[in-house]
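Participant: Take this structure first; my questions come after.
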Amino acid sequence: MSIKVDVLPLDDNTPGMGWLRLSGWTGASEGLEYSVQSSQSREFLQPGKQWTTVAHWFALPGLTPAEGTDALQVQVGPDLIDPLLAASGNANFRITLNHAGQTEATMVRLDKHLLASIASTGAKKPELTPPPAPAPAPIPEPEPELSVAAPEPLIETPITADPISEPVSANAASAKKSRWMPGLLLLLIVLLAVAAGLWWFKQQPEPVASLPPAPEPDTTTTAPAPACSLESMQSLQELAFVQSCIQKAPGSAALLEVINVAKANNNCNVAQRLYANRAQSGDILIATAYAHEYDPKFHQPSECFKAPDNATAAYWYETILGFDATNADAKQRYEELK
1 MSIKVDVLPL DDNTPGMGWL RLSGWTGASE GLEYSVQSSQ SREFLQPGKQ WTTVAHWFAL
61 PGLTPAEGTD ALQVQVGPDL IDPLLAASGN ANFRITLNHA GQTEATMVRL DKHLLASIAS
121 TGAKKPELTP PPAPAPAPIP EPEPELSVAA PEPLIETPIT ADPISEPVSA NAASAKKSRW
181 MPGLLLLLIV LLAVAAGLWW FKQQPEPVAS LPPAPEPDTT TTAPAPACSL ESMQSLQELA
241 FVQSCIQKAP GSAALLEVIN VAKANNNCNV AQRLYANRAQ SGDILIATAY AHEYDPKFHQ
301 PSECFKAPDN ATAAYWYETI LGFDATNADA KQRYEELK
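Start counting the sequence shown at 1; every next residue gets the next number (the UniProt record's numbering).
This is how it looks when you write it as structure tokens:
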């Protein structure tokens, strides 16, 4: 029985934490160590989440039986989970177990619910400051008392009789009035007319310069490009395109056409991300096509898949068997490649 290695989330799915579970390992657990190699760059994982061309062996202390299974497991943290998730979009990982000369290798299976440790970080919410205390109500000042002055004593002024002047002749006075009254009335009319004209002139609003008519808004909108089209592939970032296309949920045949377009345009990361996402979700047609990209029997050299890789092909055949244990073709190729 070949070994299987899974990285699974904790029960509470703490970001950056998980279980490294070994199934089918028949050797001793004490002193067991492992190395991890990327299928894309051929580099090995190092301490500090780095990758180099020299293999590094990590110790596996504290292996315990997994509840309800015959597997062994140990809790792992961001040093393993973060670099694997960061590169999982365009690579698979070969893990080699070693104990006193007994060595077995297989592909690491990453659970789709795993979260990187960066998912646990976030901006703190601003602390709420208590509202300011209401200002005390102003104390009303007493109104000043009004002092009423005592009335001054009235002083009676003796009335003196005015000297009686001789009456002017009524005819003489009316004659004088008749001479200057018409002129005075005319002058008053002229002044009133001038004043009314000035008042009316000042009340008129100043002429406003006419503004050019506002342009009518353009109501025509450009329809967005289809989610899985080449236009979207060229205009969006890789991850954004993959997410939008996966959300569109095209059928297997349609997704293979999108992958072929990505390969033809050297969008290799897009092709590999689409392959891996759908294959890990149990799409047998996509998983088989992905396995064929690495299987020496079916491999066709391309810019995105330059050389066959037995271990990667075996990993995807094993993935198929995890969803369909009776798949004869996958089982045969897996047995020949492992």
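Don't be surprised by glycine CBs; every beta carbon is placed ideally from N, CA and C.
Give the DSSP-derived three-state secondary structure of Asn92 in the structure shown.
Facilitator: Position 92 of the sequence shown, counted from the first residue, corresponds to residue 92. In the structure shown, Asn92 sits in coil (DSSP, three-state: anything other than H, G, I, E or B).
Participant: Roughly how many angstroms lie between the CA atoms of Asp11 and Lys4, to the nearest whole one?
Facilitator: In the sequence shown, residue 11 corresponds to position 11, counting from 1. In the sequence shown, residue 4 corresponds to position 4, counting from 1. Taking the straight line from one Cα to the other gives about 21 Å.
Participant: Check whether the Cβ atoms of Ile95 and Tyr34 sit closer than 7 Å, and answer yes or no.
Facilitator: By one-based count along the sequence shown, residue 95 stands at place 95. By one-based count along the sequence shown, residue 34 stands at place 34. Contact flag set, yes.
Participant: Based on DSSP bridge pairs, tell me the residues matched to Trp57.
Facilitator: Locating residue 57 in the sequence shown gives position 57, where the first residue counts as 1. Note: Trp57 sits in no beta bridge, so no partner.
Participant: For Leu88, which of Pro65, Leu114 and Gln75 has the nearest alpha-carbon?
Facilitator: On the sequence shown, position 88 is the one that residue 88 refers to. One detail in the question is off: residue 88 reads as Ser in this sequence, not Leu. The candidate whose alpha carbon is nearest that of Ser88 is Leu114.
Participant: Three-state secondary structure (DSSP) at Met107?
Facilitator: Stepping through the sequence shown from its first residue, residue 107 is reached at position 107. Of the three classes helix, strand and coil, the one that applies to Met107 here is strand, per DSSP.
Participant: Starting from Glu33, follow the beta strand (DSSP E) in both directions and report where the run begins and ends.
Facilitator: Here the question's residue 33 lines up with position 33 in the sequence shown. Where Glu33 is concerned, the enclosing beta strand (DSSP E) stretches over Glu33 to Ser38.
Participant: Using alpha carbons as the reference points, say which of Leu84, Pro78 and Val74 lies closest to Ser117.
Facilitator: Here residue 117 is taken as the residue at index 117 of the sequence shown, counted from 1. Of Leu84, Pro78 and Val74, the residue nearest in Cα terms is Pro78.
Participant: Buried or exposed: which applies to Arg42, given that a residue is buried once 16 or more other Cβ atoms fall within 10 Å of its Cβ?
Facilitator: Position 42 of the sequence shown, counted from the start, is the residue given in the question as residue 42. Exposed.
Participant: Hey, how far is the Cα of Lys331 from the Cα of Ala100?
Facilitator: Numbered from its first residue, the sequence shown carries residue 331 at position 331. Numbered from its first residue, the sequence shown carries residue 100 at position 100. Approximately 30 Å, taken between the alpha carbons.
Participant: Is Asp228 near Val258, with beta carbons less than 7 Å apart?
Facilitator: The residue labelled residue 228 in the question sits at position 228 within the sequence shown. The residue labelled residue 258 in the question sits at position 258 within the sequence shown. A quick correction: the sequence has Cys, not Asp, at residue 228. Their beta carbons are under 7 Å apart, which means Cys228 touches Val258 by this criterion.
Participant: Taking the beta strand (DSSP E) that Arg21 belongs to, which residues open and close that run?
Facilitator: Position 21 of the sequence shown, counted from the start, is the residue given in the question as residue 21. Arg21 -> beta strand (DSSP E) spans Gly18 to Ser23.
Participant: Could you say which of Gln300, Gly282 and Ala314 lies nearest to Asp324 if we only look at CA atoms?
Facilitator: For the purposes of this step, residue 324 is taken as the residue at position 324 of the sequence shown. The shortest Cα separation from Asp324 among Gln300, Gly282 and Ala314 belongs to Gly282.
Participant: Looking only at its own chain, which residues have a Cβ that is under 6 Å from the Cβ of Lys338, when we skip the five neighbours before and after it?
Facilitator: As a first step, residue 338 is located in the sequence shown; it is residue number 338 there, counting from the start. These residues qualify, in order along the chain: Ser2 and Ala314.
Participant: Using a Cβ-Cβ cut-off of 7 Å (strictly less than) and excluding sequence neighbours within five positions of Glu335, which residues of its own chain qualify?
Facilitator: As a first step, residue 335 must be located in the sequence shown, where it is residue number 335. Nothing meets the Cβ criterion.
Participant: Check whether chain B comes within 7 Å of Asn260, counting only Cβ atoms and requiring the distance to be less than that.
Facilitator: Reference to chain B is not applicable here, since this structure consists of a single protein chain.
Participant: Tell me, please, which residues DSSP counts as bridged to Pro65.
Facilitator: Taking the first residue of the sequence shown as position 1, residue 65 is located at position 65. Beta-bridge pairing links Pro65 to Leu72.
Participant: Considering just the uninterrupted stretch of the beta strand (DSSP E) at Thr52, what are its terminal residues?
Facilitator: The count along the sequence shown starts at 1 and reaches residue 52 at position 52. Residues Gln50 to Thr52.
Participant: Which of the three DSSP states, helix, strand or coil, is assigned to Phe323?
Facilitator: Here residue 323 corresponds to residue number 323 of the sequence shown, with the count starting at 1. The three-state secondary structure of Phe323, taken from DSSP, is helix.
Participant: Assign Phe298 to one of three DSSP states: helix, strand, or coil.
Facilitator: Your numbering for residue 298 matches position 298 in the sequence shown. The answer is coil: DSSP assigns Phe298 none of H, G, I, E or B.
Participant: Quick check on Pro250: does DSSP put it in helix, strand or coil?
Facilitator: Walking along the sequence shown from the start, residue 250 turns up at place 250. Residue state, collapsed to three classes: coil.
Participant: If you check the beta carbons only, do Gln50 and Phe44 fall under 7 Å apart?
Facilitator: Mapped onto the sequence shown, residue 50 falls at position 50. Mapped onto the sequence shown, residue 44 falls at position 44. No; because the gap between Cβ atoms is not below 7 Å, this pair is not in contact.
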